[in-house]
Amino acid sequence: MTEIRLRNSMTRRVETLTPLKPEGGVRMYLCGPTVYDRAHLGNARPSILFDVLYRLLRYVSPENGWGAPVYVRNFTDVDDKINARAATEGRPIGEITAETTRWYLEDMAALGVLEPDHMPRATAYIPEMVAMIQTLLDEGHAYAAEGHVLFAVDSWRAHYGALSGRSVDDMIAGARVEVAPYKRNPMDFVLWKPSTDGEPAWPGPQVDGIEVSRGRPGWHIECSAMAKALLGETFDIHGGGNDLMFPHHENEIAQSCCANHTEQMAQIWLHNEMLQVEGKKMSKSLGNFFTVRDLLDQGVPGEVIRFVFLSTHYSKPMDWTARKAEEAEKTLRKWRAQTRGVTPGLLHPQIIDCLSDDLNTSGAIHELHQLSAAGDVTTLLASARLLGLMTEKLAGWEDVGPADGADLSRLDDLERNLFAMRARAKETKDFAPVDAMKSELMAAGVEVQMSKDGVVLKPTKEFDSDALLRITRQREKEV
RNA sequence: GGCGAGUUGGCGGAGUGGUUACGCAGCGGAUUGCAAAUCCGUGCACAUGAGUUCGAUUCUCAUACUCGCCUCCA
7 MTEIRLRNSM TRRVETLTPL KPEGGVRMYL CGPTVYDRAH LGNARPSILF DVLYRLLRYV
67 SPENGWGAPV YVRNFTDVDD KINARAATEG RPIGEITAET TRWYLEDMAA LGVLEPDHMP
127 RATAYIPEMV AMIQTLLDEG HAYAAEGHVL FAVDSWRAHY GALSGRSVDD MIAGARVEVA
187 PYKRNPMDFV LWKPSTDGEP AWPGPQVDGI EVSRGRPGWH IECSAMAKAL LGETFDIHGG
247 GNDLMFPHHE NEIAQSCCAN HTEQMAQIWL HNEMLQVEGK KMSKSLGNFF TVRDLLDQGV
307 PGEVIRFVFL STHYSKPMDW TARKAEEAEK TLRKWRAQTR GVTPGLLHPQ IIDCLSDDLN
367 TSGAIHELHQ LSAAGDVTTL LASARLLGLM TEKLAGWEDV GPADGADLSR LDDLERNLFA
427 MRARAKETKD FAPVDAMKSE LMAAGVEVQM SKDGVVLKPT KEFDSDALLR ITRQREKEV
């Protein structure tokens, strides 16, 4: 039995995970992206966090006598940002959401993120949302006003705010919410809103048998409806970035608990801290954000990005820096070289211990360093793979040299050439020509390794094919 | 203003009531014609003040600073 402990944002304590239905497996829900644009780097953090948790649960569940974990991550494909983008680009909404969804899956795959068991799209669950809104209306937790349906915070006043540690009164005191005249309480939030021509619209909920409006769901309700449909009214783990705690998750809890008559929506709330860039939160309004794809296109391997994320505990802010990426790349290159052709062995127990202890990925990486230093490559490989590192899928970046066949044959010739030159120099004691040649090669982005037995020339990232060609031509002239 | 998180060595980053990871960089050595790569060894820290304690970096309180949420955002 492996005890898994996670920090529950709701209680602000580290708690032992006990599945509500062990035989059905641990049920977890991660709030996925709104598909209107490329995922920025911050979007990757919860995905990687939940991916590690999912991998851990898949490994540990059989031994714990639990069923296989059930992991849901949604796509929110109905949202005003999507509508706005469609209008700007003059393209159909469906085209944009389909394209963005594909991008997201590609980008996450590049980071070694496994696909969840279910990836529901919000637009496929509109009837479930309307049903939930209908229940809230019928039972006095929601009201219709000017074609909107709003959740009445006062109907659940004693409970609202528990997750984020604030009371309704506190929030009203410092409220910066949109104060719409039709709201009974400024904290009330939209469950349903009317659509104008051209906006996506579905049949809405009713009051006294009359439809409130043809419209579309507000933000928040989609997660409540999809989680209920796929995981049930109460499940084990729910999470996302900590900026979702309020209002998104708070509102989900309010909707779900009121509509389902439950005490809690999820047992454990798991929130990751924000990603920062140069010490500031990456955000759209600050304009300092870049996408996962930007980094991949710049030649930062997905595995390197993943390693950088795993090296900081999820509950702490993480600064993305080029230097961290370089260090991670160096480490992974070394491990990849060490484990080339190796068959994975057994997992190191310490890895499980670290991950079970509130997903201490940084501690797990420490263990990997130990295994590497000890030369225990089979254990290193197996252990790294539980973290989603050193997998076959992510392989390839480390040895894809920029050199083509012609370059490699030139390097081959130069190796022999340089070895002969050095042998001569050892006798004449005049090493100047050898050193000159070496400098030229290094300038061309070639790593020069000389040992007793021979010379090895390896192209590096800075390899310059044209420069190599010049060196070869020069040599040919001289000879 | 309300709520929350954090402050560990040159940098990154774990963890612990008493021996304080690990990585990178540095330093010393082996190896090398010289390097590179590799290997071995090694120095350096726990924001500030007070309290609890035989003993605190670790617990408590206060102070300072940083960051986040309260508004689309993971």
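Those letters in the first sequence? Residues 7 to 485, per my numbering, in order. Ideal Cβ positions, reconstructed from N, Cα and C, are used throughout, including at glycine.
Check                                                                                                                : Outcome
Within 7 Å, strictly: CB atoms of E453 and K464                                                                      : yes
Other residues of its chain near R220: CB distance less than 8 Å, five sequence neighbours each side excluded        : P200, S201, A207, W208, P209, G210
For S170 and M324, the rounded distance between their alpha carbons                                                  : 21 Å
Proximity below 7 Å, CB of L361 to CB of A370                                                                        : yes
M396: first and last residue of the uninterrupted alpha helix (DSSP H) it sits in                                    : Neither: M396 is in no alpha helix (DSSP H) and is coded neither H nor E.
Element boundaries [alpha helix (DSSP H), containing Q261]                                                           : 256-266
DSSP-derived helix/strand/coil call for Y42                                                                          : coil
Three-pair Cβ contact test at 8 Å for the stretch 307-317 versus the stretch 326-343                                 : yes
T240 beta carbon less than 7 Å from that of Q270                                                                     : yes
Extent of the continuous beta strand (DSSP E) run through H226                                                       : Segment: none, H226 is in no beta strand (DSSP E) and carries neither H nor E.
Whether H277 touches N248 by CB criterion (7 Å)                                                                      : yes
Euclidean distance between Cα positions of R11 and G73                                                               : 18 Å
For A186 and G100, the rounded distance between their alpha carbons                                                  : 30 Å
Status (buried if at least 16 other CB within 10 Å, exposed otherwise) for M7                                        : exposed
Boundaries of the beta strand (DSSP E) in which P200 is found, first to last residue                                 : 195-200
Range of the contiguous alpha helix (DSSP H) that encloses D441                                                      : 438-449
Simplified DSSP state of T22, which is helix, strand or coil                                                         : strand
Cβ-based neighbour list, G38, same chain, cut-off 6 Å, excluding 5 preceding and 5 following                         : R79, N80, F81
Pairwise C-alpha distance: R91 and L424                                                                              : 59 Å
Straight-line Cα distance separating D419 from T434                                                                  : 23 Å
Rounded separation between R51 and L301 - CA only                                                                    : 15 Å
Boundaries (first-last residue) of the beta strand (DSSP E) holding V218                                             : From DSSP, V218 is part of no beta strand (DSSP E); its letter is neither H nor E.
Residue span of the beta strand (DSSP E) that contains F56, given as start and end                                   : F56 -> not in any beta strand (DSSP E); alpha helix (DSSP H) instead, spanning 50-70.
Complete runs of the alpha helix (DSSP H) confined to the stretch 294-357 [at least 4 residues]                      : 298-303, 308-316, 328-344
Residue interval of the alpha helix (DSSP H) (run including W109)                                                    : 99-116
Identified DSSP bridge partners for T82                                                                              : T40
Neighbourhood of V32 by C-beta distance below 8 Å, restricted to the same chain and skipping five residues each side : L23, P25, L63, S67, W72, P75, V76, D242, I243
Helix, strand or coil at M135 according to DSSP, with G and I counted as helix                                       : helix
C-beta contact flag for W275 and N14 at 7 Å                                                                          : yes
Closest Cα partner of C263 within the set A115, L142, A235                                                           : L142
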